[in-house]
Amino acid sequence: MSSESLLSEHEEQTEGLLGNMEARAEHQKTKHYQSLYTFTTAMGVGLLILVLFWILHFRNGFAWHSDVGLQFNWHPYLMVLGMVFLYSQSMLIYRTVRNSPKKHLKILHAALHCLAFVLSVIGLKAVFDSHNLAKEPIPNLYSFHSWIGLITIIIFSAQFLSGFITFLYPGLATAMRQTLMPVHRAVGVGGFVLAIATTVTGLTEKVIWSVGAEYSKFDAEGVVCNLIGVFVVFYGVMVLYLVNEMDYKRVSLPEDEIALAASE
1 MSSESLLSEH EEQTEGLLGN MEARAEHQKT KHYQSLYTFT TAMGVGLLIL
51 VLFWILHFRN GFAWHSDVGL QFNWHPYLMV LGMVFLYSQS MLIYRTVRNS
101 PKKHLKILHA ALHCLAFVLS VIGLKAVFDS HNLAKEPIPN LYSFHSWIGL
151 ITIIIFSAQF LSGFITFLYP GLATAMRQTL MPVHRAVGVG GFVLAIATTV
201 TGLTEKVIWS VGAEYSKFDA EGVVCNLIGV FVVFYGVMVL YLVNEMDYKR
251 VSLPEDEIAL AASE
């Protein structure tokens, strides 16, 4: 066997070995991500259960126009469901379902954002009705919570619309998408941080008004609300870690490049 053949065979073996090492490293990263993601999502589901328990046990449940006081209760639940849980799951979808074609992930990403938007609109309708239709109407948009919440919704809506046009339909040219992607990601993460801040300020505002002086006496409702706040903060921190850790970034699939080339 010639020296060229031996050298070529050695290079092939080396490339194969490196390929196997990279595959094992990628598998370990994926496994680590899935473990943390499962824990984080369980915390998010626990948050939703806690909010539901708080509303049903301490706030007398839900209603619509038949009782505007109870109609308000849709606001915290739907906003946490839409702007915290679904928003975060949408951000993580590319890393969570990494082996699906990118086109499918884009559709799922947009669908989760759309559902979060719809739930948020219903949640806003609930709080405005609870103020405007009360026997003694309550002013709207005067608190810091309402200001930062409105800013969050505006940013989220603009992000959703611009992302849909840029990356899904009709979709801009590849160079433009690549240029706008870092901005899209940064604004998306910033909007989620604002959603967490809005949730914490709204929860604090509500518990102080509802529990009043009993809050400082470790009233049961106050303790539950504090626990909800802890879940919100830790869930937000875990989501931000998962979405920003470069080791967990999705590796492009060959069919992604084919789809991109076909769309040009």
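Residue numbering for the sequence shown follows full-length UniProt numbering, starting at 1 and increasing by one per position. Note that CB positions come from ideal geometry on N, CA and C, so glycine has one too.
Q.
I need the straight-line Cα distance from His113 to Gly188, nearest angstrom please.
A. Their Cα atoms are separated by approximately 11 Å.
Q | Per-residue DSSP class, three states only, for Asn99 | A | Coil.
Q.
Quick check: the Cα distance between residue 265 and Thr199, rounded to an integer number of angstroms?
A. What the structure shows of the chain is the stretch from 1 to 264, and residue 265 is not part of that stretch, so it cannot be assessed.
Q: Could you tell me the distance, in whole angstroms, from the CA atom of Lys249 to the CA atom of Arg95?
A: The alpha-carbon atoms of Lys249 and Arg95 are separated by roughly 6 Å.
Q.
On a Cα-Cα basis, can you pick out the residue from Leu108, Lys125, Gln89 that is closest to Leu242?
A. Distances from the CA of Leu242 to each of Leu108, Lys125, Gln89 were compared; the closest alpha carbon is that of Gln89.
**Q.** For Ser252, three-class secondary structure by DSSP
**A.** Ser252: coil per DSSP, three-state reduction.
(Q) To the nearest angstrom, how far is the alpha carbon of Thr179 from that of His104? (A) Straight-line Cα distance between these residues: approximately 22 Å.
Q. Count the other CB atoms within 10 Å of the CB of Thr174; is the residue buried (16 or more) or exposed (fewer)?
A. Counting the other Cβ atoms within 10 Å of the Cβ of Thr174 gives fewer than 16, which makes it exposed.
**Q.** Nearest-angstrom Cα separation, counted from Met79 out to Leu150
**A.** So the alpha carbons of these two residues sit roughly 12 Å apart.
Q: Give the single residue among Leu124, His75, Lys106 whose Cα lies nearest to the Cα of Pro170.
A: Selected option, being the one with the closest Cα: Lys106.
**Q.** Whether Tyr235 touches Thr40 by CB criterion (9 Å)
**A.** Against a cut-off of 9 Å, the Cβ pair of Thr40 and Tyr235 comes out as a contact.
**Q.** Residue from Leu253, Pro254, Asp247 with nearest C-alpha to Gln28
**A.** Gln28 has its Cα closest to that of Asp247, out of Leu253, Pro254, Asp247.
Q: Alpha carbon to alpha carbon, how far is Ile165 from residue 271? Give it in angstroms, no decimals.
A: The structure shown does not extend to residue 271, since the chain is modelled only from 1 to 264, so the question has no answer here.
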